[in-house]
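Undergrad:
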Amino acid sequence: MAGLAVPELRAIAWGHVIGPVVVGTTLLAFTTAGLLDGPQPTFLWLGLGALILGVVACLDEPAAMVTGACPATRRRRTVERLLAASPVVVGWCVLAGLVDGVNGLSGSALALTGTGSLLAAIAAADVLRRLGVDEPGPVVGSVALLGLLGCLLFQPIGGLVVLQAYDDLGSTALWPAVLVMSIAVLAWSTNDPASPARTLRRR
Amino acid sequence: MTTLTAARSTEPSPVLVMARIEAGRLLRHPIFAVALALDAWLLVSSVMVDPEPNLQRMSETWAILTAFCLGVGGFLAMYRVTRSTDASREVVAAVPVDEQQRTLALCLVCVIPLGVAVVSGLFTLIAWEPGPITEPGFYGRLPWADVWLFNVCVLLASLGGPLLGVTLGRWWSWPMAGAVSAVLLVAWCVSTGFRTTSFVTTLHHQAAPFTLPITGASSEETFRQGGSWWWRVPYVASLCALAVIAALLHGATDHRRTLLLRTGTCVAVLAIVLLVVSTLTGPQGVLLWRA
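Chains A and B, in that order, are what the protein sequence lines are.
Residue numbering for the first sequence follows my numbering, beginning at 2 and increasing consecutively.
Residue numbering for the second sequence follows my numbering, beginning at 19 and increasing consecutively.
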């Protein structure tokens, strides 16, 4: 598995991934270390925004013409690419655990919101990839960032706080639903249109 | 000869023709469309559906909406519009206008977010009436000139964001540059919410492309930020001018490059002087209210 994953990992545009992740990690490190008046939700969400940019870039395929010819299923290749994104998700959850209880922040709410938004962005990027966009990272990243900033500065959905840093029943229900939907979307988008199972089913 | 001259004079300038094309591309761009829709939705909501309780809250809501939707949204959209011609560079190069003219056309398009900001400001002025539950707000404690100058700075932010997008698009080809810069830009502006208790914090507050005159939660403490808004307006305007000059500098050669470099240096020095003056001459931070 590891041997097979290496070529796919080599095909990732690492320059698109590492830059935003470094910016996000720096912002998160600054705010967690107390340099920006203690861990503040605003800076945590901005850091998450940068991490989302890095994670969706894992699905960018500048060399799609070459990598598309590899004898591996689409799902397998996507899973291998998502291996590169997994440290970011794990890192976010660790950070949520670290700031749990500081300034009234809830680690579980942060972990749930962060994981949900990361996975939703990944699912959106993979849908675009399936629709033929080889580099969905910048587009999905920009729109996700705009949405995240919109939810951060305003409360666009009535009384529901979308980005939840404190315990809140509405968000506790929202983000697991988003997670399940994102996984369902990923299951559809990674399904190879020309897979043997599908061909058999059609027959 | 006369006929030829007359015919030529009726032709629109190539820059204006290109600006019209680029304006269409900006208006059709999904990021700008999303930003415009969000701006309209939230503004109508806070003006008519659930009106803000006082002028300070209304002004701050309009300011944040304008800076975020038109400033940051315009920045991201113009960055992508500027970069989008990369794939067809050879075709674009065949057009009989040079890179500076193309850049100038893109800069002219940035007037659209400014126009939308002006219209949204006028709409707010005309349509807003405080709701049944009114709060006092703190604008009564500020000079009226400061309130109006703050609004001018907000309008300049809606122009400066897209202009910066053009500059970044010309100079930085990394695909994630626009989005990452937007994160840093917002982080910079948000960090000006800390109280201005010293020269350094006031300088930081005044240097940001967008900031609010009052900070703190109204339920705890409210603080009037230090610095002069009279000097801040020309400072932000000089940042906009710097963005245009930097964008035009890309691909400039010979005499034009020298001229742009000299002008850019003068404007940069002017911006620094204005920043220092705005930091030193304004009133110091004042605690307005404590619970």
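No residue lacks a Cβ here, since even glycine has one placed at the ideal position from N, Cα and C.
I'd like the list of long-range same chain contacts for L278 of chain B, defined as Cβ closer than 7 Å, with 5 residues on each side in sequence excluded.
TA: Cβ within range, chain order: I263, L266, L267 and A270.
Undergrad: Quick check: the Cα distance between P32 of chain B and L182 of chain B, rounded to an integer number of angstroms?
TA: Straight-line Cα distance between these residues: approximately 23 Å.
Undergrad: How big is the Cα-Cα spacing for E29 of chain B and V35 of chain B?
TA: In a straight line, the C-alpha of E29 of chain B is about 10 Å away from that of V35 of chain B.
Undergrad: Measuring CA to CA, which of A:W93, A:L175, A:E136 and A:L120 is closest to L47 of chain A?
TA: If we check each option's Cα against that of L47 of chain A, A:W93 comes out closest.
Undergrad: Using a Cβ-Cβ cut-off of less than 8 Å, list which residues of the region 45–66 of chain B approach chain A; keep chain order.
TA: Those residues of the region 45–66 of chain B that come within reach of chain A (Cβ to Cβ, closer than 8 Å) are P48, I49, V52, A53, L56, W59 and L60.
Undergrad: Output, in chain order, the set of chain B residues within a Cβ distance shorter than 7 Å of A51 of chain A.
TA: Residues of chain B passing the Cβ test: V198 and V201.
Undergrad: Note the first and the last residue of the continuous beta strand (DSSP E) segment covering F241 of chain B.
TA: Note, F241 of chain B: beta strand (DSSP E), E239 to R242.
Undergrad: Buried or exposed: which applies to S199 of chain B, given that a residue is buried once 16 or more other Cβ atoms fall within 10 Å of its Cβ?
TA: That one is buried.
Undergrad: Can you name the residues that DSSP bridges to I232 of chain B?
TA: According to DSSP, I232 of chain B bridges with B:R242.
Undergrad: Does R213 of chain B come out as helix, strand or coil in the three-state DSSP assignment?
TA: Correct three-state label for R213 of chain B: coil.
Undergrad: Give a yes or no on whether the minimum CB-CB distance between M2 of chain A and chain B is below 9 Å.
TA: Residue confidence is low: M2 of chain A scores 48 on pLDDT, short of 50, so the model does not pin down where it sits. No coordinate-derived value is stated.
Undergrad: Select from the region 115–136 of chain A all residues with a C-beta closer than 8 Å to any C-beta belonging to chain B, and list them in chain order.
TA: Listed by position along the chain: E136.
Undergrad: Taking buried to mean at least 16 other C-beta atoms within 10 Å of its own C-beta, is A12 of chain A buried or exposed?
TA: Buried, since its Cβ has 16 or more Cβ neighbours within 10 Å.
Undergrad: When the Cα atoms are used, what is the spatial distance from F155 of chain A to L132 of chain A?
TA: Roughly 32 Å between the two C-alpha positions.
Undergrad: To be precise: take each residue of the region 240–252 of chain B, compare its Cβ to all Cβ atoms of chain A, and keep it if any distance is under 8 Å. Which residues remain?
TA: Within the region 240–252 of chain B, no residue qualifies.
Undergrad: Keeping to the same chain, check which residues put their C-beta closer than 8 Å to that of A95 of chain B; ignore five residues upstream and five downstream.
TA: Same-chain partners within the cutoff: L44, H47, I49, F50, A53, P180 and G183.
Undergrad: So which residues on chain A does G91 of chain B lean against when the C-beta distance must stay under 8 Å?
TA: Ordered by position in chain A, the residues that pass the 8 Å Cβ test against G91 of chain B are L147.
Undergrad: Taking C-beta pairs closer than 7 Å, name the residues in chain B that L154 of chain A reaches, listed in chain order.
TA: The contacting residues are I82 and F86.
Undergrad: Would you mind sorting P131 of chain B into buried or exposed? The rule is 16 or more other CB atoms within 10 Å of its CB.
TA: Answer is buried; the Cβ neighbour count reaches 16.
Undergrad: How about L60 of chain A and P8 of chain A: do their beta carbons lie closer than 9 Å?
TA: Cβ distance not < 9 Å, so L60 of chain A and P8 of chain A don't count as in contact.
Undergrad: Do V90 of chain A and T116 of chain A come within 9 Å of each other at the CB atom, strictly closer than that value?
TA: Yes, Cβ-Cβ distance for T116 of chain A and V90 of chain A is below 9 Å.
Undergrad: Pull up the distance between the alpha-carbon of L49 of chain A and that of L202 of chain B, whole angstroms please.
TA: Each residue's Cα considered, the two are about 12 Å apart.
Undergrad: For A34 of chain A, tell me which candidate among A:V57, A:R75 and A:V103 has the shortest Cα-Cα distance.
TA: If we check each option's Cα against that of A34 of chain A, A:V103 comes out closest.
Undergrad: Check whether chain A comes within 9 Å of V204 of chain B, counting only Cβ atoms and requiring the distance to be less than that.
TA: Taking Cβ atoms only, chain A reaches closer than 9 Å to V204 of chain B, which makes this a yes.
Undergrad: Tell me which same chain residues have a C-beta within less than 7 Å of the C-beta of G108 of chain A, skipping the five on either side of it?
TA: So the qualifying residues of the chain are A97, G98, V100 and D101.
Undergrad: Whole-angstrom Cβ separation of C207 of chain B and T229 of chain B, contact assumed at under 8 Å?
TA: Right, the Cβ-Cβ distance comes to about 6 Å (below 8 Å), so this counts as a contact.
Undergrad: Note down, in chain order, every chain A residue with its Cβ under 8 Å from the Cβ of L186 of chain B.
TA: Result: empty, since nearest Cβ-Cβ is about 13 Å, beyond 8 Å.
Undergrad: Can you list, in chain order, the residues of its chain with a C-beta nearer than 6 Å to that of A58 of chain A? Leave out the 5 residues immediately preceding and following it.
TA: Closer than 6 Å at the Cβ level, and outside the excluded window around A58 of chain A, lie H17, V18 and G138.
Undergrad: Return the Cβ separation of V179 of chain A and A125 of chain A in integer angstroms, given the expectation that the two are a contact with Cβ distance under 8 Å.
TA: So it is not a contact: roughly 11 Å between Cβ atoms.
Undergrad: What residues of chain B sit near A58 of chain A, judged by a beta carbon separation below 9 Å?
TA: Ordered by position in chain B, the residues that pass the 9 Å Cβ test against A58 of chain A are P193 and M194.
Undergrad: Taking any Cβ of chain A, which residues in the region 202–233 of chain B have a Cβ under 9 Å from it, in chain order?
TA: So the close ones are L202, V204, A205, V208, S209, G211 and F212.
Undergrad: For M76 of chain B and S64 of chain B, what's the separation of their Cα atoms in angstroms?
TA: Whole-angstrom Cα-Cα distance: 8 Å.
Undergrad: Along chain B, which residues have their Cβ under 8 Å away from the Cβ of P139 of chain A?
TA: Chain B residues near P139 of chain A: R98, P193, M194, G196 and A197.
Undergrad: Using 8 Å as the Cβ pair cut-off and three pairs as the minimum, do the region 140–151 of chain B and the region 65–74 of chain B touch?
TA: Enough Cβ pairs lie closer than 8 Å, so yes.
Undergrad: Relative to the C-alpha of L73 of chain B, which residue among B:G91, B:V127, B:G158 and B:T103 is closest?
TA: Cα-wise, what sits closest to L73 of chain B is B:G158.
Undergrad: Grab me the residues of R75 of chain A's own chain with a C-beta within less than 6 Å of its C-beta, minus the 5 sequence neighbours each way, in chain order.
TA: Cβ within range, chain order: T191 and D193.
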